[in-house]
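Mapping of the sequence shown onto full-length UniProt numbering: position 41 corresponds to residue 41, and the numbering continues sequentially without gaps. Beta carbons are placed, not taken as given, at the ideal position from N, Cα and C, and that holds for glycine.
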Amino acid sequence: MFKRPLENKTIMEGVDVSFECEVEKADHVAWFKDGDRVYPSSRLKIETLDNTVHKLTILQSKFEDEGKYSMRISDISSCAELDVKEMPDAVKQMSEYDRNIFLEAAKSGTAVRYYIRVMIVGQSGVGKTSLLRRLMNKDIKDVQSTDGINIEVKTCRINLKTEEWIFSSGKFISVLDYILLVTRKTF
Numbered sequence: 001m002f003k004r005p006l007e008n009k010t011i012m013e014g015v016d017v018s019f020e021c022e023v024e025k026a027d028h029v030a031w032f033k034d035g036d037r038v039y040p041s042s043r044l045k046i047e048t049l050d051n052t053v054h055k056l057t058i059l060q061s062k063f064e065d066e067g068k069y070s071m072r073i074s075d076i077s078s079c080a081e082l083d084v085k086e087m088p089d090a091v092k093q094m095s096e097y098d099r100n101i102f103l104e105a106a107k108s109g110t111a112v113r114y115y116i117r118v119m120i121v122g123q124s125g126v127g128k129t130s131l132l133r134r135l136m137n138k139d140i141k142d143v144q145s146t147d148g149i150n151i152e153v154k155t156c157r158i159n160l161k162t163e164e165w166i167f168s169s170g171k172f173i174s175v176l177d178y179i180l181l182v183t184r185k186t187f
C-alpha cells in the first residue's frame, strides 16, 4: 500500500523537518509521535498533496520533537525516527540575524556569497599594509614596506543588511568608522 514509506531523519535543532509518505490510493491518515496522535498546531503542519502524498512538517525543531513518528492508514502504518542534534555553540553565539541566515542555509543547503574588491591607494610609506592588516584583525608588528605591488586576497564577513564589517572579535563596526579608528591609531 506504501509507494514510499517514511524515512528516518537527523537534523539540528532550529531547522524545519518534514516526514513524507506516498500511498497507492487516497485515504484518510492519522499521524502519531511516540504512539500519541498529533494534530496541526503553530509548529506542526499536516498536509496531503495530490491525494496520495502525506506530509508532516515540524517547524523550528526542538529537542522535545525527537522521537518515533508514524502515520496510519486503515490497519497499516509506516514509522521513522527523528534525531535532533544540539546547535553548535558557535552558532548559538551568533546574532539572531546571522543565526537565521545559518539556519536557512542549513535547511536549503546553500548560502548566498558576495565578493567585493577593495584597493587601498596611497603614497609610499603611509601605512597601506598596516591598514589592510588591521582591517583583517591581524598583528602589524612585523609589517615591512611592500613597494605598493604586494597583492593579497583576504576574506572577511560583511553584514549586507547593516553594511557593517564583522571581525573575529564578533564586533560590528562600519567601514568608515573603522578606517577613522585605525587612522587615529596609525598616525
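Member of the options whose CA lies at the smallest distance from the CA of residue i
i, options, result
"E81", "I73, K68 and R134", "K68"
"D65", "H54, D83, D75 and K55", "D83"
"F63", "K138, V17 and K128", "V17"
"A53", "R43, Q60 and I73", "According to the sequence shown, residue 53 is Val rather than Ala. The shortest C-alpha separation from V53 is found at I73."
"S78", "M12, V143, F19 and K161", "F19"
"L135", "M12, M119, G125 and A106", "M119"
"L59", "K141, V15 and P40", "V15"
"C21", "K92, V126 and M71", "M71"
"I76", "S42, K161 and V29", "V29"
"F102", "E13, F2 and T57", "E13"
"S124", "R37, Q144, Q93 and V38", "Q144"
"R4", "D142, K55 and K138", "K55"
"S61", "Q93, N51 and A106", "A106"
Helix, strand or coil at residue i according to DSSP, with G and I counted as helix
i, result
"K92", "helix"
"I101", "helix"
"T52", "coil"
"L64", "Per the sequence shown, the amino acid found at residue 64 is Glu instead of Leu. It is helical."
"T186", "Confidence at T186 is low in this model, with a pLDDT of 47, below 50, so its placement is unreliable and no value can be given for it."
"R72", "strand"
"E86", "coil"
"residue 224", "This structure cannot speak to residue 224, because the chain is shown only from 1 to 187."
"K161", "coil"
"S130", "helix"
Cross-strand partners of residue i (DSSP beta bridge)
i, result
"residue 277", "Residue numbering for the chain in the displayed model covers 1 to 187; residue 277 lies beyond these limits and cannot be assessed."
"L135", "According to DSSP, L135 bridges with nothing at all."
"E20", "K55"
"residue 189", "Summary: the structure shown does not reach residue 189, with the chain confined to residues 1 through 187, and so no result is reported for it."
"I11", "V84"
"K45", "T57"
Problem set entry | the region 77–89 contacting the region 45–53, beta-carbon criterion three pairs below 8 angstroms | no
Problem set entry | Touch test, the region 7–14 against the region 25–43, Cβ-Cβ under 8 angstroms, three pairs minimum | no
For this session: Pair every Cβ in the region 31–45 with every Cβ in the region 91–98, then say whether three or more of these pairs are closer than 8 angstroms.
Result: no
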